[in-house]
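J.:
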């Protein structure tokens, strides 16, 4: 029996997935939680085989939660479920160890297949998303952003700027970053412009790729 934990901030989605997957003979839904912190609390008591992880959740999002879970419990498989086919989210989730990345519009049969594939040690990515992954890896292979950024410029980045860089790497918009950190959108926009000038990058896409490629947030401190 494959034990599955559902992590999604929408109760209706949690209930729907629980009912649907509960009809499958080889799958047992062991719980449903609303954010990343609740995931960590749950798996400290009972470890599922697979977590169906939403990306955009309050308190702790799916990308950060994936990173922590895979660091502490590498045997737990994670399938990211999202309505957003954002390439920056794709790379971050896969970088931190997710085994699958699926859009929520997939059929029940496709989801069941993905669970079995991932449980068996394989990986499952929606075709629409897979093409973006290939494009992103191709771009990253042609550009070495670490080389482009001088060490002394990286050292000029302050704590608030590191927090913003991390959120940009997670694919968050200026409004989402503003809400997360407690600033205005205009202030966030100004911070990003300052960051780009400090480290010599062209735009926020380069900044996001640099963050996920180099684990830029790890340089903090």
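In full-length UniProt numbering, the protein residues as written are 1 to 221. Where a beta carbon is used, it is the ideal one built from N, C-alpha and C, also for glycine.
With C-beta atoms as the reference, is residue 203 less than 7 Å away from residue 181?
T.: Numbered from its first residue, the chain shown carries residue 203 at position 203. Numbered from its first residue, the chain shown carries residue 181 at position 181. Not a contact, by the Cβ cut-off of 7 Å.
J.: Residue range of the beta strand (DSSP E) that residue 28 falls in?
T.: In the chain shown, residue 28 corresponds to position 28, counting from 1. Segment 27-33, the beta strand (DSSP E) holding residue 28.
J.: Residue range of the alpha helix (DSSP H) that residue 191 falls in?
T.: Counting from one through the chain shown, the residue named residue 191 turns up at place 191. Element bounds for residue 191: 185-199.
J.: Quick one, which of 9, 124 and 156 has its alpha-carbon nearest residue 98's?
T.: For the purposes of this step, residue 98 is identified with residue 98 of the chain shown, where counting begins at 1. The shortest C-alpha separation from residue 98 is found at 124.
J.: Which stretch, first to last residue, makes up the beta strand (DSSP E) that contains residue 61?
T.: Counted from its first residue, the chain shown places residue 61 at position 61. No beta strand (DSSP E) contains residue 61, which DSSP labels as neither H nor E.
J.: Short of 6 Å in beta carbon distance, which residues of its chain neighbour residue 174, apart from the five on each side in sequence? Order them along the chain.
T.: If you number the chain shown from 1, residue 174 lands on position 174. Closer than 6 Å at Cβ, skipping near neighbours: 185, 188 and 189.
J.: Reducing DSSP to helix, strand and coil, say where residue 82 ends up.
T.: Position 82 of the chain shown, counted from the first residue, corresponds to residue 82. If DSSP states are grouped into helix, strand and coil, residue 82 belongs with the strands.
J.: Of the choices 117, 92, 46 and 196, whose alpha-carbon is the least far from that of residue 65?
T.: Stepping through the chain shown from its first residue, residue 65 is reached at position 65. Nearest of 117, 92, 46 and 196 to residue 65, Cα basis: 92.
J.: Buried or exposed: where does residue 83 fall if 16 or more other Cβ atoms within 10 Å of its Cβ makes it buried?
T.: In the chain shown, the residue the question calls residue 83 occupies position 83. Classification for residue 83: exposed.
J.: Alpha carbon to alpha carbon, what distance is there between residue 193 and residue 155?
T.: Counted from its first residue, the chain shown places residue 155 at position 155. Counted from its first residue, the chain shown places residue 193 at position 193. Those two C-alpha atoms are separated by around 17 Å.
J.: Report yes if the CB atom of residue 168 is closer than 7 Å to the CB atom of residue 95, and no otherwise.
T.: Within the chain shown, numbered from 1, the residue matching residue 168 stands at position 168. Within the chain shown, numbered from 1, the residue matching residue 95 stands at position 95. Contact: no.
J.: Buried or exposed: which applies to residue 35, given that a residue is buried once 16 or more other Cβ atoms fall within 10 Å of its Cβ?
T.: In the chain shown, counting from the first residue as 1, residue 35 sits at position 35. With 16 or more other Cβ atoms within 10 Å, it is buried.
J.: Pull up the DSSP beta-bridge partners for residue 100, would you.
T.: For the purposes of this step, residue 100 is taken as the residue at position 100 of the chain shown. Per DSSP, 79 and 124.
J.: Find the nearest neighbour of residue 26 within the set 177, 117, 33 and 8, judged by alpha-carbon distance.
T.: Working through the chain shown from its first residue, we reach residue 26 at position 26. Ranking the options by Cα distance to residue 26, first place goes to 117.
J.: Can you list, in chain order, the residues of its chain with a C-beta nearer than 7 Å to that of residue 77? Leave out the 5 residues immediately preceding and following it.
T.: Residue mapping note: residue 77 aligns to position 77 of the chain shown, counting from 1. Cβ within range, chain order: 49, 50, 99, 118 and 119.
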